[in-house]
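If you're matching them up, the sequences are chains P and R in order.
The numbering used here numbers the first residue of the first sequence as 401 and each following residue consecutively.
The numbering used here numbers the first residue of the second sequence as 401 and each following residue consecutively.
A short worksheet on the structure shown next.
There are 2 protein chains.
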Amino acid sequence: MKELSARQKRILSLIVHEYIYSADTVASKHLVEKYNLDMSSATVRNEMSALTDEGYLKQPHTSAGRVPTEAGYRYFVGQLMQDTSLPEAMRRTINHQFSQMHNDMKQWLELAATVLANETHAASLITAPQPVEARIKHIQLIATHGRQALAVLVMEGGQIHQHILTLEEPVSQEQLSILSTKFSQIFAGKNLHALSQYHGTMSQLEKIVMAWMEDELVRSDRLPTGEIYMDGITNMLAEPEFSDSEEARKALRLLEERSLLQDLLSQTALPDTIGGVQVLIGGEGNWNDLRQCSVILSRYGSPGIATGTLGVLGPMRMAYGRSISMVRFLSGILSDFIVEQW
Amino acid sequence: MKELSARQKRILSLIVHEYIYSADTVASKHLVEKYNLDMSSATVRNEMSALTDEGYLKQPHTSAGRVPTEAGYRYFVGQLMQDTSLPEAMRRTINHQFSQMHNDMKQWLELAATVLANETHAASLITAPQPVEARIKHIQLIATHGRQALAVLVMEGGQIHQHILTLEEPVSQEQLSILSTKFSQIFAGKNLHALSQYHGTMSQLEKIVMAWMEDELVRSDRLPTGEIYMDGITNMLAEPEFSDSEEARKALRLLEERSLLQDLLSQTALPDTIGGVQVLIGGEGNWNDLRQCSVILSRYGSPGIATGTLGVLGPMRMAYGRSISMVRFLSGILSDFIVEQW
DNA sequence: TTTTAGCACTCTCGCTGTTAGAGTGCTAAA
DNA sequence: TTTAGCACTCTAACAGCGAGAGTGCTAAAA
């Protein structure tokens, strides 16, 4: 693969733009007219031909215009796209929306998913932030009803696990409070490992609480077990490439099968690249069902505290510039929120 | 509309069955052959003609077989369908799956959504149970990090609200515990109304907690603000009636737009009919986007404690018998869980 | 050497016409 | 009242055709 000439780059860029805009093959003449190019359609044709040889363009049929290939998109995203930042007005609007929310992670994630989906016209997905290391800070037991007690485990980062325990027999709030204090003192600052090494003689009640804590920590340690927020699934169906519902199914199955999604997220979005944005085009060979799609991902959060992933899934013919800025911007908003809250 | 003859009922029933099975128009001859009917195709044709006049059948074109109308489905579901209960083996399998879960409402709801979607080949949706009356049982404040404190509100039914409060300044766990006790004594057994009538002199901290509690109760009072669990969205796309993705979008938009969904659920599934199953065919005139769909709904939970809704959304050509049994069965499982837990 | 005009060539898309087959409705006989 | 038989209708599938779009190539112009 040779280096492309400036003119070839320009033409490739225009073709990608135009195709993203129109969803239709783009012809040499059309390009010259629409953008008032200072060359003839024949010249453009020659360059197109060269770009096709290089593998950046293809034609659906002999006498059709050109369409970007996977490699074409990749070159565009990597080399040609100027990094447009979001217009100030939009930043303000979005910030305003968040400022009107409660200080509630869940609500913020929901809003972020909605905004992301609406602005990119694609499907958005966001995983809830996962604490980086599970260290206990605090344990509290609260009597609720009969033999039921609510157990709350507060982690170092402020992360919360809770569960309703069913006890052997009713226990008063006083007794529970005493146990809460005891356990809090013993385990404060400890992680899962220390927990499983503790082996004193324990009452039945203590055993139940211990069992639950271990269980909770084991689960939260197998990283991605958190909730996933999505929106804009129907946006995908509006794209012409998914008018065949079979194609749409392939892409959407990914969103339903948690395991697939987790694979995707964990294999790509590296935990230590907060704020960086990754672009996956056409499944990058690994995800067959995503051959028609692109995914834009970013880790958000704070490296020492908790991180999650957010991204959009759309057709390969996606407004990359806008989507990437959007992902980056929202990643920033959520990161800030986590830093403030925790 | 006259009463249908026994034979007409039989034919209508067979046509509905056959169409649900094959997704194709059903012809008189086909019916006679497949089911070894003791009459000729001409006779069946005559009856079909009558059923068409009555509005239970229609033909897509002059020389095509018949297809049930909305009214046809309705008659089938209301009058013709024998109430099949789930085979024992399947009940056991499903029960077993649940028994292997933790005692966690969220996990049960997720599992229920998955099972429901898989068994009905349609989209499932379940709303988290909402407490019937919001009465405070208990308040607990837990220091987490800096100026942050976790506030937990335990309701009479065992329902839990929690939120991270941002305080004016750091407060020790001791102080928080004192306030917890005080508020718990004052407000135990009270509901929203009593809360807003309390007007002593309050510290800054107290005001913050009060404000949150009111807010939480107001929100939980406007009934359907709970989480919604879904699965099987892609099942819909597999049905031939949604191979046109535009139709699929219409139906799926409902699942994305919370407000639409809440409308549907609240207007149909009445809170006091636990275990009863409602069937909505073709949107029943009210939901234009559901003209091609049917919805099967049931309230679950316990009247005095908390209730939620579960159901399936599928094409009108849906396996009603199986789906209804499935909805009823899972409704029962979730109800039992709620009764046990709370 | 590069660009461009011009033209032949190719392939799709939409239209039309035709045909085979499926399924009905009707009529007249059982 | 049921049924056999047949005429009739409509669709789905296929082929043929022409228009139009867009390219690739060639030869002339810059």
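Beta carbons: idealized from backbone N, C-alpha and C, even for Gly.
1. Would you list the residues sitting across from Ile539/P in a DSSP beta bridge?
2. Shortest alpha-carbon distance to Val432/R belongs to which of Leu414/R, Ser577/R, Gly455/R, Ile560/R?
3. Have a look at Ala588/R, Asn436/R, Ala522/R, Tyr700/R and flag the residue whose alpha-carbon is nearest the alpha-carbon of Gln678/R.
4. Curious, which full-length beta strand (DSSP E) runs of at least 3 residues does the segment 687 to 720 of chain R contain?
5. Start and end of the beta strand (DSSP E) containing Ala513/R?
6. Look at Trp612/P and Leu655/P and say whether their C-beta atoms are less than 8 Å apart.
7. From Pro715/P, Ser702/P, Ser698/P, pick the residue whose C-alpha is nearest to that of Arg691/P; which is it?
8. Helix, strand or coil, according to DSSP, for Ser603/P in the structure here?
9. Taking any Cβ of chain R, which residues in the segment 642 to 671 of chain P have a Cβ under 7 Å from it, in chain order?
10. Taking the alpha-carbon of Val515/R as reference, which of Pro529/R, Asn446/R, Thr493/R has the nearest alpha-carbon?
11. Quick one: what's got a C-beta closer than 8 Å to Glu569/P's C-beta in the same chain, skipping five residues either side?
12. Measure how close the beta-carbons of Thr425/P and Gly465/P come, nearest whole angstrom, since I'm counting them as under 8 Å.
13. Label Gly632/R either buried or exposed according to how many other C-beta atoms from any shown protein chain fall within 10 Å of its C-beta, with 16 as the threshold for buried.
14. What residues in the segment 488 to 506 of chain R bring their beta carbon closer than 7 Å to a beta carbon of chain P?
15. Would you kindly report the start and end of the unbroken alpha helix (DSSP H) that includes Leu414/P?
16. Roughly how many whole angstroms lie between the Cα atoms of Ser659/P and Glu488/P?
17. Taking Gln573/P and Ala594/P to be in contact with their CB atoms under 8 Å, please state how far apart those CB atoms are, rounded to whole angstroms.
18. Just to confirm the assignment, what range does the beta strand (DSSP E) spanning Asp631/R have?
19. Measure the alpha-carbon distance for Leu623/P versus His461/P and round it to whole angstroms.
20. Can you list, in chain order, the residues of its chain whose CB lies under 7 Å from that of Glu447/P, leaving out five sequence neighbours each side?
21. Report buried or exposed for Tyr435/P, applying the criterion of at least 16 other Cβ atoms within 10 angstroms of its Cβ.
22. Tell me Pro531/R's beta-bridge partners as DSSP assigns them.
23. Run through chain P and tell me which residues come within less than 7 Å of Val554/R, C-beta to C-beta.
24. Using 10 angstroms around the beta-carbon of Tyr475/R, count the other beta-carbons present and answer buried if the total reaches 16, otherwise exposed.
25. Please return the same chain residues whose Cβ sits closer than 6 Å to the Cβ of Leu550/P, not counting the five positions on each side in sequence.
26. Judging by CA-CA distance, which residue of Ala517/R, Leu509/R, Leu451/R, Met439/R is the nearest neighbour of Pro529/R?
27. Would you mind sorting Asn495/P into buried or exposed? The rule is 16 or more other CB atoms within 10 Å of its CB.
28. Given this structure, state the Cα-to-Cα distance separating Pro703/R from Met439/R, to the nearest angstrom.
29. With respect to the alpha helix (DSSP H) encompassing Val745/R, which residues constitute its N-terminal and C-terminal limits?
30. At 8 Å on the CB atoms, spell out the chain R contacts of Asp631/P, in chain order.
31. Near Leu665/R, what residues of its chain come up, given a Cβ to Cβ distance below 6 Å and the 5 sequence neighbours on each side ignored?
32. If you compare alpha carbons, which of Leu713/P, Tyr456/P, Ser499/P, His430/P is closest to Thr634/P?
33. Give the residues of chain R in contact with Ala638/P, contact being defined as C-beta atoms less than 7 Å apart.
34. Please confirm whether Ile724/P and Ile696/P have their CB atoms less than 8 Å apart.
35. If you run the structure through DSSP and keep just helix, strand and coil, what is Lys582/P?
36. Going by C-alpha distance, which of Thr443/P, Ser485/P, Ala517/P, Ser499/P is nearest Glu657/R?
Taking the geometry as given:
1. Leu553/P
2. Leu414/R
3. Tyr700/R
4. 693 to 702, 706 to 715
5. Per DSSP, Ala513/R belongs to no beta strand (DSSP E); it is in the alpha helix (DSSP H), 505 to 520.
6. no
7. Pro715/P
8. coil
9. Phe642, Ser643, Ser645, Ala648, Arg649, Leu652, Arg653, Glu656
10. Thr493/R
11. Arg547
12. 3 Å
13. buried
14. Asn503, Asp504
15. 406 to 422
16. 38 Å
17. Actually they do not touch by this definition, with Cβ atoms about 28 Å apart.
18. 628 to 631
19. Confidence is the limiting factor: at Leu623/P the pLDDT is only 45, short of 50, which leaves the residue's position unreliable and the question unanswerable from this model.
20. Arg407, Gln408, Ile411
21. exposed
22. Ala706/R
23. Ile542, Thr544, Leu550
24. buried
25. Ile542, Thr544, Ile564
26. Leu509/R
27. exposed
28. 51 Å
29. In this structure chain R extends from 401 to 742, so residue 745/R is not present and cannot be described.
30. Glu656
31. Thr709
32. Leu713/P
33. Arg649
34. yes
35. helix
36. Ala517/P
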